[in-house]
Amino acid sequence: MAGQLGLTLRAAGGVVWRHGDDDIEVLVIHRPGYRDWTFPKGKQDPDDRDVEHTALREVHEETGYHCIAGEELIAIEYVDRKGRYKHATYWEMQVLSGAFELNREVDEVRWLPARRVHEVLNSERDRQVLAAFHRWCS
């Protein structure tokens, strides 16, 4: 998929997970600007070494967590709300350190049992990412 003048924006993010008491828990973020629940992700910066670095940087910026990226889960191409073509790649990630701090993009995070995450996600793209995570888990 190519946008205007053949440009496609690159984005990356992660499905951050941990072992809970009874199940795997997955982190979701709330973005007040979009009024949605989603996975942390963002656009690639020119200084990023590669898209995996973008994913780790964006997860840290939006959640406050330093993570380690595991397996690549899925790459999705779509047209965003501004009519731009995007290619977004997601990894499964685990937290190494950090804590959530309120920021200009994210006002809340939740750790949810993996089986319940679909109940809060707002977009079909995020449901595709979650399905890829469930395939990876099984």
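In terms of the working numbering, the sequence shown opens at residue 53 and continues consecutively. C-beta: ideal position from N, C-alpha, C; glycine also.
Simplified DSSP state of residue i, which is helix, strand or coil
| i | result |
| --- | --- |
| Asp132 | coil |
| Glu171 | helix |
| Ala63 | strand |
| Leu108 | helix |
Delimiting residues of the alpha helix (DSSP H) encompassing residue i
| i | result |
| --- | --- |
| Asp99 | No alpha helix (DSSP H) holds Asp99; DSSP gives it neither H nor E. |
| Asp178 | 176-189 |
Residue span of the beta strand (DSSP E) that contains residue i, given as start and end
| i | result |
| --- | --- |
| His82 | 76-83 |
| Tyr86 | Tyr86 -> no beta strand (DSSP E), and no H or E assigned at all. |
| Val161 | 160-165 |
Residue i Cβ short of 7 Å to the ligand NAD heavy atom set
| i | result |
| --- | --- |
| Gly72 | With respect to the ligand NAD, the structure offers nothing, as it holds no ligand at all. |
Beta-bridge partners of residue i, as assigned by DSSP
| i | result |
| --- | --- |
| Glu124 | Trp143 |
| His236 | A query on residue 236 cannot be resolved here, the shown segment of the chain reaching from 53 to 190 and no further. |
| Gly150 | Tyr117 |
Expected contact under 8 Å - CB spacing of residue i and residue j to nearest Å
| i | j | result |
| --- | --- | --- |
| Cys119 | Leu164 | Not confirmed; about 17 Å, so no contact. |
| Phe185 | Leu125 | 6 Å |
| Gly150 | Gly116 | 5 Å |
| Gln81 | Val158 | Residue identity differs from the one stated: residue 81 is Ile in this sequence, not Gln. At roughly 5 Å, the Cβ-Cβ gap stays under 8 Å, so Ile81 and Val158 are in contact. |
| Gly94 | Ala63 | 6 Å |
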